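One structure is given below, encoded as structure tokens.
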Amino acid sequence: MKMKYKAIVSGLLLALAGNSYAIDGRINFTGEIIKTACVINGGADKDIELGHYSAAQFRNAGDTSPQLVDVILPLTNCPVTSTIPNFHIWLEAPAVDSSHPNLIQVGKGVVSADIAKGVGIEIIDAASGSIMPLNRLSDIEYPITGTSMNINWKAYYRSYVDTVDIEEGLAEASVDITLDYR
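Numbering (this note's numbering), first residue to last: 108 to 289.
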């Protein structure tokens, strides 16, 4: 009886041991650390004048300023390799609210009576016309065409309220830019 009991226990232990060490898959990590990365030519900060507009020009929520202003981001020192053929862009800035996640809040995060209300700044990719998302990685792939290249966008004001609710004031904002070489 003892021998039979030992055989059963040994068999169960072997069966359990085999299942606990079964390999169901493998994760292989790949990547590369690069020394060079695109640099914004002329310094990291760019000043873009969007213009001066009357609140009456924004009749309804969603109206835009009449002029789309060119935003040209000149890049130098870009890595030209077959392993990094392109990059994506992450724009970081406070949005006006959760209903308008890609509309940049004016006022640079400061609440003041001198800050315009009811409008935000929107950036679009000049080539595709796609709105550049805020606070997440863009779906747009920018091919690295050489060691020097330009990123071309357009920027403008967009109202998110009707004219009667727009308040005059400064309509300035800042956006942080990150190039992501995934």
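Glycine included, every Cβ here is placed at the ideal spot set by N, Cα and C. Remember, it's a predicted structure, so these values are computed and weren't measured experimentally.
Can you find the residues in the same chain that come closer than 6 Å, C-beta to C-beta, to residue i, ignoring five residues on each side of it along the sequence?
i    : result
S172 : Y160, Y263 and Y264
H207 : Y267
P186 : I141 and T143
To the nearest angstrom, report how far apart residue i and residue j are at their CA atoms.
i    : j    : result
P181 : C145 : 9 Å
V195 : E156 : The sequence given here places His at residue 195; Val does not occur at that position. Taking the straight line from one Cα to the other gives about 25 Å.
A162 : E275 : 7 Å
P98  : I284 : Any property of residue 98 remains undetermined from this structure, which presents the chain solely from 108 to 289.
G214 : N193 : 33 Å
G149 : S235 : 26 Å
T137 : D170 : 46 Å
Q212 : N184 : 32 Å
D154 : E139 : 33 Å
E229 : N135 : 39 Å
Out of the options, which one is the CA nearest neighbour of residue i?
i    : options                   : result
A223 : I155, D272, I179 and I230 : D272
Does the distance from the CB of residue i to the CB of residue j come in under 8 Å?
i    : j    : result
L198 : L241 : yes
I179 : N257 : yes
Near residue i, what residues of its chain come up, given a Cβ to Cβ distance below 7 Å and the 5 sequence neighbours on each side ignored?
i    : result
L244 : H195, W197 and D287
A168 : S266, Y267, V268 and D269
So, under 8 Å CB-CB, residue i and residue j are touching, yes? Tell me the CB distance rounded to an integer number of Å.
i    : j    : result
I251 : D232 : Their Cβ separation, rounded to whole angstroms, is 16 Å, which puts I251 and D232 out of contact at 8 Å.
G225 : L210 : The pair is not a contact, with the Cβ atoms about 11 Å apart (cut-off 8 Å).
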